[in-house]
Amino acid sequence: MCASQSVAARDNREKLLERSMSRYQYSGDALIEVLHTAQELYGFLSRPLLKTIAHKLRLPPSRVLGVATFYHFFSLKPKGEHTFVVCLGTACYVAGGLSLIGKLERRCAKAGQTTPDGKVSVETARCIGSCGLAPAVIYDGNVMARVTSDSLEAELNKIGVQ
Amino acid sequence: MTIEELSEKQAEELARQQSLENRILCCSAAGCISCGADSLRRALDAEVQAQGKADKVEICGTGCMGMCGRGPLVLSSADHRLYGNVTVADASALVSNNAHDRESLAARSIDLKAPYFSRQLKIVLANSGRVDPEKLTDYIAVGGYQSLAKVLEGMTPRQVVDEVKKSGLRGRGGAGYPTGLKWELVARQEPTTKYVVCNADEGDPGAFMDRSVLEGDPHRVLEGMAIAAYAVGAQQGYVYVRGEYGLAIQRLQTAIKQAEREHMLGSRILEQGFQFRIDLRIGAGAFVCGEETALIASIEGKRGQPRQRPPYPPASGLWGAPTLINNVETFANIPTIIERGGEWFSSIGTATSKGTKVFALAGKIANPGLIEVPMGTTLRAILFDIGGGVPGQKLKAAQTGGPSGGCIPQDLLDTPVDYESLAAIGSIMGSGGLIVMDETSCMVDVARFFMEFCMDESCGKCIPCRAGTLQMHDILERITQGRAADEDLAILKELASLLRETSLCGLGQTAPNPVISTLKYFPEEYEAHIHERRCPAGHCQLAPVEHEVTA
Numbered sequence: 000m001c002a003s004q005s006v007a008a009r010d011n012r013e014k015l016l017e018r019s020m021s022r023y024q025y026s027g028d029a030l031i032e033v034l035h036t037a038q039e040l041y042g043f044l045s046r047p048l049l050k051t052i053a054h055k056l057r058l059p060p061s062r063v064l065g066v067a068t069f070y071h072f073f074s075l076k077p078k079g080e081h082t083f084v085v086c087l088g089t090a091c092y093v094a095g096g097l098s099l100i101g102k103l104e105r106r107c108a109k110a111g112q113t114t115p116d117g118k119v120s121v122e123t124a125r126c127i128g129s130c131g132l133a134p135a136v137i138y139d140g141n142v143m144a145r146v147t148s149d150s151l152e153a154e155l156n157k158i159g160v161q
Numbered sequence: 000m001t002i003e004e005l006s007e008k009q010a011e012e013l014a015r016q017q018s019l020e021n022r023i024l025c026c027s028a029a030g031c032i033s034c035g036a037d038s039l040r041r042a043l044d045a046e047v048q049a050q051g052k053a054d055k056v057e058i059c060g061t062g063c064m065g066m067c068g069r070g071p072l073v074l075s076s077a078d079h080r081l082y083g084n085v086t087v088a089d090a091s092a093l094v095s096n097n098a099h100d101r102e103s104l105a106a107r108s109i110d111l112k113a114p115y116f117s118r119q120l121k122i123v124l125a126n127s128g129r130v131d132p133e134k135l136t137d138y139i140a141v142g143g144y145q146s147l148a149k150v151l152e153g154m155t156p157r158q159v160v161d162e163v164k165k166s167g168l169r170g171r172g173g174a175g176y177p178t179g180l181k182w183e184l185v186a187r188q189e190p191t192t193k194y195v196v197c198n199a200d201e202g203d204p205g206a207f208m209d210r211s212v213l214e215g216d217p218h219r220v221l222e223g224m225a226i227a228a229y230a231v232g233a234q235q236g237y238v239y240v241r242g243e244y245g246l247a248i249q250r251l252q253t254a255i256k257q258a259e260r261e262h263m264l265g266s267r268i269l270e271q272g273f274q275f276r277i278d279l280r281i282g283a284g285a286f287v288c289g290e291e292t293a294l295i296a297s298i299e300g301k302r303g304q305p306r307q308r309p310p311y312p313p314a315s316g317l318w319g320a321p322t323l324i325n326n327v328e329t330f331a332n333i334p335t336i337i338e339r340g341g342e343w344f345s346s347i348g349t350a351t352s353k354g355t356k357v358f359a360l361a362g363k364i365a366n367p368g369l370i371e372v373p374m375g376t377t378l379r380a381i382l383f384d385i386g387g388g389v390p391g392q393k394l395k396a397a398q399t400g401g402p403s404g405g406c407i408p409q410d411l412l413d414t415p416v417d418y419e420s421l422a423a424i425g426s427i428m429g430s431g432g433l434i435v436m437d438e439t440s441c442m443v444d445v446a447r448f449f450m451e452f453c454m455d456e457s458c459g460k461c462i463p464c465r466a467g468t469l470q471m472h473d474i475l476e477r478i479t480q481g482r483a484a485d486e487d488l489a490i491l492k493e494l495a496s497l498l499r500e501t502s503l504c505g506l507g508q509t510a511p512n513p514v515i516s517t518l519k520y521f522p523e524e525y526e527a528h529i530h531e532r533r534c535p536a537g538h539c540q541l542a543p544v545e546h547e548v549t550a
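The listed protein sequences derive, respectively, from chains E and A.
Counting in numbering that gives the first Met the number 0, the first sequence runs from 0 upward without gaps.
Counting in numbering that gives the first Met the number 0, the second sequence runs from 0 upward without gaps.
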């Protein structure tokens, strides 16, 4: 849990998660929806959080962990301040997505990891469906189109990556 | 809203739109937004205020207009012209109705008579780029929900199923199962709780048709689902949409809320005593969930692993109840089939494949974007007349069907696009991704790329797929690194037939397709890698010969 979060905000997150579970009547069928909400609120799914959800939905913790690790969308580790998701769908792949990942791996962290200072997370995506814009990178939730090594470099410099 | 009120609303909205001096439609799909559509829209809004035309000129955001390579795109109702590469500086000319002011726009105008437009036929995409996806009245103005009204007012469920059967529509998710037959199977089940599910888990890399339909015209899909629910006797529906598609999710949520408020969905649809609710289920990034039994498991909150069929979902689906699962594009065809009749629809296309197909053109092509063509159009027409060909290079292959499809060499480009013809040349129709590769793409590496995809996305339930994709990927990787020998090719072929014959679901069964098709059409590339340690496309970095230890 992020230390900078105030106690009030933390309470609010618990309340919001509780509300999401009660909307689905604490049904185990709603596990994926609840995990989505939890990740949105907390940024990632910590073990204690998964345990709490298992308890509330009356599911074995193994099932909750199983589902959380099965789907790529759920992250069990905290994310960096900024996130670069490089699309490696076919169109982006043939347009040179791999070299973008190479650049990020050299300057930041390996795909799927975060820099030690928590500044940047590097991820890959299967296809973000923006094939007309290949190669595409999602930078903090926004799609960057026809990304080149230089334009990526410029963004990294802007946020002060060494 | 009653059926009469729906028609009144349509007339009223049409009259309002016609009374305007100009309606400026701005493409607000991902492609155009990434090249500045948002700031253009703000500039247009400001310009409308500045020229004092708030009551005469309307600025609307729409879904994808198709020509993603020419964005931002703007369609102006005053002169019926489409403008491309529009900049903020053009805003004042666009809002003006003075011919002199508009002269500067001529260079931006896109020729609507070009083959790009004339070779296309739009059914599924008819409203995409023409309506504001966030306004129900826009959809009503173009005849939206009239098909649902027609069905509820004057057709029995049996008649609806018959009409869909007559249309010859086949599943647009890729496999091509006859839609009418599927509906009949669900309709025939005992009257009990039944479900209608829309598969919007578009996972093939290189495919963005469903996303564009959901973003550009969400009500069309909801209307198609409601008609299906009436035909099969379901009261609850789900749209299972990819978690990556944030904008599509948001637009669907808005559309469902609007439709419920106006009684197009919910408990008293169009005051006709029919009820149907639709809920969204957001996927969490598992490609295998596009398989119907895995999708069902995922809606039930479980790991998305497929199960043995039969029983098929029409007999036992969600929570064991009869379930109709169709793809986004399939549902999007339904309102038009009901409106214009099954016979009309079956007059388009080939003997076995009716209607149109939406393709997402991407890769090395001049006009990437979204297109819709009648079935039976040749790949050559799609790639050259519509796609504008390959800039600067020679076309080497076209890839359809994503990781389940195949690579089609350029001498087979006269193949018509229909389910059977594509299967005959070792590819599949698939969901509609069409990726163009030129001489710089290495076909062995493309096969390796797709195999890596299948290996990562294999759910791990059945051994042929879990272990087989890993083995095949390993061999392909060694070939691209120049560390393979002749016998590896034999093992590769043996594994390919093993996976095809023994995997549990479509993912494993079709995973070898890219390998089989590249082996068949580009054997010389494999041989060059293995024997000469050379990549003809100059893409792979092969180990120098002295490192050779495996041979």
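Beta carbons: idealized from backbone N, C-alpha and C, even for Gly.
query: Whose C-beta lies closer than 6 Å to the C-beta of C441(A) among residues of the same chain, with five residues either side of it excluded?
result: Within the second sequence, the letter at position 442 stands for residue 441(A). Only C534, A536, H538, C539 meet the Cβ criterion.
task: Would you please verify whether the beta carbon of A550(A) is less than 8 Å from any beta carbon of chain E?
output: In the second sequence, counting from the first residue as 1, residue 550(A) sits at position 551. Confidence at A550(A) is low in this model, with a pLDDT of 44, below 50, so its placement is unreliable and the value that follows should be read with caution. Cβ-Cβ to chain E under 8 Å: no for A550(A).
task: Go to A29(A), then tell me how far its alpha helix (DSSP H) extends in each direction, as first and last residue.
output: The count along the second sequence starts at 1 and reaches residue 29(A) at position 30. That run of the alpha helix (DSSP H) goes 29 to 33.
query: Do you know offhand how far Q249(A)'s Cα is from T376(A)'s?
result: Within the second sequence, numbered from 1, the residue matching residue 249(A) stands at position 250. Within the second sequence, numbered from 1, the residue matching residue 376(A) stands at position 377. Straight-line Cα distance between these residues: approximately 34 Å.
message: According to DSSP, is D28(E) part of a helix, a strand, or is it coil?
response: The residue given as residue 28(E) occupies position 29 in the first sequence. Here D28(E) sits in helix by DSSP.
- prompt: Would the beta-carbon of N332(A) fall within 8 Å of that of V123(A)?
  reply: Against the second sequence, residue 332(A) aligns to sequence position 333. Against the second sequence, residue 123(A) aligns to sequence position 124. Yes, they are a contact pair.
- request: Using a Cβ-Cβ cut-off of less than 8 Å, give me the residues of the stretch 15 to 47 of chain A that come near chain E, in sequence order.
  value: A29, G30, I32, S33, C34
task: Could you have a look at S6(A) and say whether DSSP puts it in helix, strand or coil?
output: For the purposes of this step, residue 6(A) is taken as residue 7 along the second sequence, with counting starting at 1. Here S6(A) sits in helix by DSSP.
query: Using a C-beta cutoff of 8 Å, does L16(E) count as contacting chain A?
result: By 1-based counting over the first sequence, the position of residue 16(E) is 17. No, its Cβ sits nowhere closer than 8 Å to a Cβ of chain A.
query: Do Q398(A) and I434(A) have their C-beta atoms within less than 8 Å of each other?
result: In the second sequence, the residue the question calls residue 398(A) occupies position 399. In the second sequence, the residue the question calls residue 434(A) occupies position 435. In this structure, I434(A) lies closer than 8 Å to Q398(A) by Cβ.
- request: Tell me, please, which residues DSSP counts as bridged to I23(A).
  value: Numbered from 1 along the second sequence, position 24 holds the residue referred to as residue 23(A). DSSP output for I23(A) lists I58(A), S75(A) as bridge partner(s).
query: In its own chain, which residues sit with a C-beta less than 6 Å from the C-beta of L103(E), not counting the 5 before and 5 after it?
result: Taking the first sequence and counting its residues from 1, one reaches residue 103(E) at position 104. These residues qualify, in order along the chain: F83, V121.
task: Find the nearest neighbour of G425(A) within the set S516(A), L360(A), F448(A), L498(A), judged by alpha-carbon distance.
output: Taking the first residue of the second sequence as 1, we reach residue 425(A) at position 426. Closest by alpha carbon: S516(A).
- request: Look at G551(A) and R276(A) and say whether their C-beta atoms are less than 8 Å apart.
  value: No answer is possible for residue 551(A): the residues shown for chain A start at 0 and end at 550.
query: Between which two residues does the beta strand (DSSP E) containing D437(A) stretch?
result: Taking the second sequence and counting its residues from 1, the one referred to as residue 437(A) is at position 438. Where D437(A) is concerned, the enclosing beta strand (DSSP E) stretches over 432 to 437.
field: is_contact[R302(A), chain E] using C-beta, thresh 8 Å
entry: Counted from its first residue, the second sequence places residue 302(A) at position 303. R302(A) counts as touching chain E.
Three-pair Cβ contact test at 8 Å for the stretch 299 to 315 of chain A versus the stretch 87 to 94 of chain E: no
- request: State buried or exposed for Q161(E), treating a residue as buried only when at least 16 other CB atoms are found within 10 Å of its CB.
  value: On the first sequence, residue 161(E) is found 162 positions in, with the first residue counted as 1. Exposed: under 16 other Cβ atoms inside 10 Å.
query: So E371(A) packs on K356(A), CB below 8 Å; how close in whole Å?
result: Numbered from 1 along the second sequence, position 372 holds the residue referred to as residue 371(A). Numbered from 1 along the second sequence, position 357 holds the residue referred to as residue 356(A). That pair is a contact at about 7 Å.
- request: Since I believe K193(A) is in contact with G232(A) (beta carbons under 8 Å), could you give me their beta-carbon distance rounded to a whole number of angstroms?
  value: Residue mapping note: residue 232(A) aligns to position 233 of the second sequence, counting from 1. Residue mapping note: residue 193(A) aligns to position 194 of the second sequence, counting from 1. So it is a contact: roughly 6 Å between Cβ atoms.
message: Is S3(E) close to chain A? Criterion is C-beta to C-beta, closer than 8 Å.
response: Translated into the one-based positions of the first sequence, residue 3(E) becomes position 4. For S3(E), the predicted structure reports a pLDDT of 48, less than 50, and the residue's modelled location is therefore unreliable. The matter cannot be settled from this model.
CB contact below 8 Å: H546(A) versus chain E: As a first step, residue 546(A) is located in the second sequence; it is residue number 547 there, counting from the start. For H546(A), the predicted model reports a pLDDT of 49, less than 50, meaning its position is unreliable; a value from the coordinates is still stated below. Output row for H546(A): interface = no.
- request: With DSSP collapsed to three states, give me the class of T329(A).
  value: For the purposes of this step, residue 329(A) is taken as the residue at position 330 of the second sequence. The answer is helix: DSSP assigns T329(A) an H, G or I state.
task: Could you spell out the range, first to last residue, of the beta strand (DSSP E) harbouring T147(E)?
output: Residue numbering aside, residue 147(E) sits at position 148 when the first sequence is read from its first letter. Unbroken run through T147(E): none, as it is neither H nor E.
field: Partner residues on chain A for V146(E), Cβ-Cβ distance less than 8 Å
entry: If you number the first sequence from 1, residue 146(E) lands on position 147. Going along chain A, no residue has its Cβ under 8 Å from V146(E), so there is no contact; the nearest lies around 10 Å.
message: One question on the structure: do A37(E) and L44(E) come within less than 8 Å of each other, judged by their Cβ atoms?
response: Walking along the first sequence from the start, residue 37(E) turns up at place 38. Walking along the first sequence from the start, residue 44(E) turns up at place 45. For A37(E) and L44(E), yes; Cβs fall inside 8 Å.
message: Tell me which residues of the stretch 224 to 235 of chain A have at least one Cβ-Cβ distance to chain E shorter than 8 Å, keeping chain order.
response: none
task: With distances taken Cα to Cα, identify the nearest neighbour of E438(A) among A396(A), T414(A), Q48(A), Q470(A).
output: Residue numbering aside, residue 438(A) sits at position 439 when the second sequence is read from its first letter. Ranking A396(A), T414(A), Q48(A), Q470(A) by Cα distance to E438(A) puts A396(A) first.
message: Judging by CA-CA distance, which residue of D28(E), D10(E), S150(E), Y138(E) is the nearest neighbour of G79(E)?
response: Here residue 79(E) refers to the residue found at position 80 of the first sequence. The candidate whose alpha carbon is nearest that of G79(E) is Y138(E).
- prompt: What residues from chain E crowd round R552(A), counting only those whose CB sits closer than 8 Å?
  reply: Outside the modelled stretch of chain A, which goes from 0 to 550, sits residue 552(A), for which no answer is possible.
Contact the stretch 474 to 494 of chain A vs the stretch 373 to 388 of chain A: 3+ CB pairs below 8 Å: no
Endpoints, alpha helix (DSSP H) assigned at A186(A): Translated into positions along the second sequence, residue 186(A) becomes position 187. 178 to 187 is the span of the alpha helix (DSSP H), which, as asked, contains A186(A).
Closest residue to S148(E) among F72(E), A90(E), H71(E), G101(E) (Cα-Cα distance): The residue you call residue 148(E) lines up with position 149 of the first sequence. Out of F72(E), A90(E), H71(E), G101(E), G101(E) has the C-alpha closest to the C-alpha of S148(E).
field: Residue burial classification, L111(A) (beta-carbon count within 10 angstroms, cutoff 16)
entry: Position 112 of the second sequence holds residue 111(A). Exposed is the call here.
task: Evaluate K181(A) with the Cβ neighbour count: other Cβ atoms within 10 Å of its Cβ, from every protein chain shown; 16 or more gives buried, anything less gives exposed.
output: On the second sequence, residue 181(A) is found 182 positions in, with the first residue counted as 1. The residue is buried, with at least 16 neighbouring Cβ atoms inside 10 Å.
message: Assuming I385(A) and R80(A) are in contact, meaning their beta carbons sit under 8 Å apart, how far apart are those beta carbons, in whole angstroms?
response: Residue mapping note: residue 385(A) aligns to position 386 of the second sequence, counting from 1. Residue mapping note: residue 80(A) aligns to position 81 of the second sequence, counting from 1. Incorrect: roughly 20 Å between the Cβ atoms, too far for contact.
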